[in-house]
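Enquirer: Let me begin by handing over the structure; questions about it come next.
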Amino acid sequence: MSQTNSDNIANRTISSSFYSVIASAFTLTLGFVRFVLLLYFLLPEDFGVVTQAMLFVALAAQLRLPGLDLAIIQRKDVDESVRRTYFSMKMGFLGVSVLLMAMATPAIGRAYAAMPLLNGILLTLLGIEIFKGLNGIQEALLRRELAFQKIAIADIVSAIP
4 MSQTNSDNIA NRTISSSFYS VIASAFTLTL GFVRFVLLLY FLLPEDFGVV TQAMLFVALA
64 AQLRLPGLDL AIIQRKDVDE SVRRTYFSMK MGFLGVSVLL MAMATPAIGR AYAAMPLLNG
124 ILLTLLGIEI FKGLNGIQEA LLRRELAFQK IAIADIVSAI P
């Protein structure tokens, strides 16, 4: 590897880190503001229902292959067939995890009978999770190209309610 190549990668890494830190600070701040607004506008019982539903969605997210994104990022050559396979696998695992949690929703609703809104909120959050999965595919491909500025801009725009 030549010196200019190393310098270019080092410069891109430093600028990418800067964009990532700024975007993280911005999205964390907006997340905190949303959290406070939820606390303010929702009754304590309703806030508990939302956080309980978010817990189950996070559990469903654990059923997906976390190393799949790293595989596409680290792969030497990514052609159209690799992208199609990656998309199919990513959406397949997303679909299975969302479907399993949706099938478990009635049992969860019975287990938490004191929270009658839980089923509806859980199904709504699972629907949102599908769109987040589509975003994750593009983000992994942008990370592969070291396009952290674009990722930071997308994160900031998506964090604005």
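Reading the sequence shown from the start, the letters are residues 4 to 164 in this note's numbering. We treat Cβ as the ideally placed atom computed from N, Cα and C, and that holds for glycine.
1) Give every residue of the same chain whose Cβ lies closer than 8 Å to the Cβ of Ala155, excluding the five residues on either side of it in the sequence, and list them in chain order.
2) Under 8 Å, do Val30 and Asp158 count as touching if we go by C-beta distance?
3) Going by the CB atoms, is the gap between Met104 and Phe59 shorter than 8 Å?
4) Do Leu126 and Gly112 count as a contact pair if the criterion is CB distance below 8 Å?
5) Quick one, are the C-beta atoms of Ile124 and Phe90 less than 8 Å apart?
6) Measure the C-alpha to C-alpha separation of Tyr115 and Phe96 and round it to an integer number of angstroms.
7) Could you give the residue range of the alpha helix (DSSP H) that holds Gln77?
8) What is the rounded straight-line gap between the Cα of Asp82 and the Cα of Ser100?
9) Measure the CB-CB distance between Met94 and Gly136 and report whether it falls below 8 Å.
Expert: Looking at the atomic coordinates:
1) Tyr22, Ser23, Ile25 and Ala26
2) Correcting the residue type first, residue 30 is Thr in the shown sequence and not Val. Yes.
3) yes
4) no
5) no
6) 27 Å
7) Gly70 to Gln77
8) 27 Å
9) yes
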